[in-house]
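**Q** First residue of the sequence shown? That's 9 in the numbering used here, and the numbers climb one at a time after it. First the structure, which I've put down as structure tokens, then a few questions once you've had a look.
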Amino acid sequence: MKFFSTDSPLYRFLTRLWDMIKLNFLWLVFSLPVVTMGAATVAAYSVTLKMVDEREGYVGRQFIKAFKENWKQGIPLGLIFLAAVYAAYLDFEFFNKLPDNPVIFLIAGIVTIFFIVMIFLYAFPLSARYENTLLATMKNSIKIATKFFLRTIFLIAILAIEVMIFIWNHTTLLFGILIGPACFMLTVSGFAMYYFRQIEKEPGAVTNPEDNV
Numbered sequence: 009m010k011f012f013s014t015d016s017p018l019y020r021f022l023t024r025l026w027d028m029i030k031l032n033f034l035w036l037v038f039s040l041p042v043v044t045m046g047a048a049t050v051a052a053y054s055v056t057l058k059m060v061d062e063r064e065g066y067v068g069r070q071f072i073k074a075f076k077e078n079w080k081q082g083i084p085l086g087l088i089f090l091a092a093v094y095a096a097y098l099d100f101e102f103f104n105k106l107p108d109n110p111v112i113f114l115i116a117g118i119v120t121i122f123f124i125v126m127i128f129l130y131a132f133p134l135s136a137r138y139e140n141t142l143l144a145t146m147k148n149s150i151k152i153a154t155k156f157f158l159r160t161i162f163l164i165a166i167l168a169i170e171v172m173i174f175i176w177n178h179t180t181l182l183f184g185i186l187i188g189p190a191c192f193m194l195t196v197s198g199f200a201m202y203y204f205r206q207i208e209k210e211p212g213a214v215t216n217p218e219d220n221v
């Protein structure tokens, strides 16, 4: 029956779902030491960017290969990200715990979150796709977020909706555990790949060598 054939929408959906579960599991396992979370995230993005183009191949093999190739930049990128998130957390904690709730800490927390989004939303997929210095990668993330600002706001709204869906009840929370992070990264990759394609068309732009393979 065509319904169960390898070309059917059901088969393709189940295959992609299984790939997402495997990718999410790998990301969680390789992120367990915490300090390796950045490298695991870059490796996961290297897979999800290929998923957008439907050329991901063997998920496990590609993830481990990308982890080995990107750990030197992925680890410091992840540590800077975690430090920035912790700084934002402290701002909100000071606002909630200190007498009279000093509004300066609330403002500082909001500003910190804004810069976290601008600096890191595209930094990990950029690191997965292009070879560059850590500082240049973060600067390029800011440039992309600024250049495609309205699309970035739309992306953040989609990610917020996905979060709300995954925490809706116990059943959706289970799916969130199984595929949540991988789903978020695939969503970002869909937007990021569009930006990358547009930028690569500009005169003098550097393309990804893998696109020519």
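All residues carry an ideal CB built from backbone N, CA and C; glycine is no exception.
At what residues does the alpha helix (DSSP H) containing tyrosine 53 begin and finish?
**A** Per DSSP, tyrosine 53 belongs to the alpha helix (DSSP H) from 45 to 60.
**Q** How do the region 48 to 56 and the region 69 to 79 stand: do at least 3 beta-carbon pairs fall below 8 Å, yes or no?
**A** With the cut-off at 8 Å, the region 48 to 56 and the region 69 to 79 touch.
**Q** With a CB to CB cut of under 6 Å and the five nearest residues on each side skipped, what residues in its chain are close to phenylalanine 71?
**A** Excluding residues within five positions, the ones whose Cβ falls inside 6 Å are Leu34, Ala51 and Val55.
**Q** Would leucine 85 and leucine 142 be called neighbours here (beta carbons separated by less than 8 Å)?
**A** Yes.
**Q** Does the contact criterion of 3 or more C-beta pairs under 8 Å hold for the region 144 to 152 versus the region 120 to 127?
**A** Touching, per the Cβ criterion.
**Q** If you run the structure through DSSP and keep just helix, strand and coil, what is glutamate 101?
**A** Residue state, collapsed to three classes: helix.
**Q** Within the same chain, show all residues whose beta-carbon is closer than 7 Å to that of alanine 131, passing over the 5 residues directly before and after it, in chain order.
**A** Leu85, Thr145, Met146 and Ser149.
**Q** Taking its Cβ as the centre, do 16 or more other Cβ atoms sit within 10 Å of methionine 172, making it buried, or is it exposed?
**A** Per the 10 Å Cβ criterion, exposed.
**Q** Here's the rule I'm using: 16 or more other beta-carbon atoms within 10 Å means buried, otherwise exposed. How should aspartate 61 be labelled?
**A** Aspartate 61 is exposed by the Cβ-count criterion.
**Q** Rounded to whole angstroms, what's the CA-CA distance from threonine 120 to leucine 90? Just pull it up for me.
**A** Distance between the alpha carbons of threonine 120 and leucine 90 is about 12 Å.
**Q** Under the three-state reduction of DSSP, which class applies to glycine 65: helix, strand or coil?
**A** Of the three classes helix, strand and coil, the one that applies to glycine 65 here is coil, per DSSP.
**Q** Using 8 Å as the Cβ pair cut-off and three pairs as the minimum, do the region 36 to 44 and the region 160 to 174 touch?
**A** Short answer: they don't touch.
**Q** State the start and end residues of the unbroken alpha helix (DSSP H) segment that holds tyrosine 203.
**A** Tyrosine 203 -> alpha helix (DSSP H) spans 178 to 208.
**Q** For the alpha helix (DSSP H) containing isoleucine 169, name the first residue and the last one.
**A** Taken as a continuous stretch (DSSP letters only), the alpha helix (DSSP H) holding isoleucine 169 covers 157 to 174.
**Q** According to DSSP, simplified to helix, strand and coil, what is leucine 129?
**A** Coil at leucine 129, not helix or strand.
**Q** Using the rule of at least 16 other Cβ atoms within 10 Å of the residue's Cβ for burial, across every protein chain shown, is valine 67 buried or exposed?
**A** Valine 67 should be labelled buried.
**Q** Are the beta-carbon atoms of isoleucine 83 and valine 42 separated by less than 8 Å?
**A** Cβ atoms of isoleucine 83 and valine 42: not closer than 8 Å.
**Q** Decide if glycine 188 is buried, meaning its Cβ has at least 16 other Cβ atoms within 10 Å, or exposed.
**A** Buried, by the Cβ-count rule.
**Q** What does a CB cutoff of less than 7 Å around asparagine 220 pick up in its chain, not counting 5 residues either side in sequence?
**A** Confidence at asparagine 220 is low in this model, with a pLDDT of 43, below 50, so its placement is unreliable and the value that follows should be read with caution. Closer than 7 Å at the Cβ level, and outside the excluded window around asparagine 220, lies no residue.
**Q** Determine whether the beta carbon atoms of alanine 200 and proline 107 lie at a separation below 8 Å.
**A** The answer is no: Cβ separation not under 8 Å.
**Q** Can you give the Cα-Cα distance for phenylalanine 156 and phenylalanine 183, rounded to whole angstroms?
**A** Looking at the two C-alpha atoms, the distance is approximately 31 Å.
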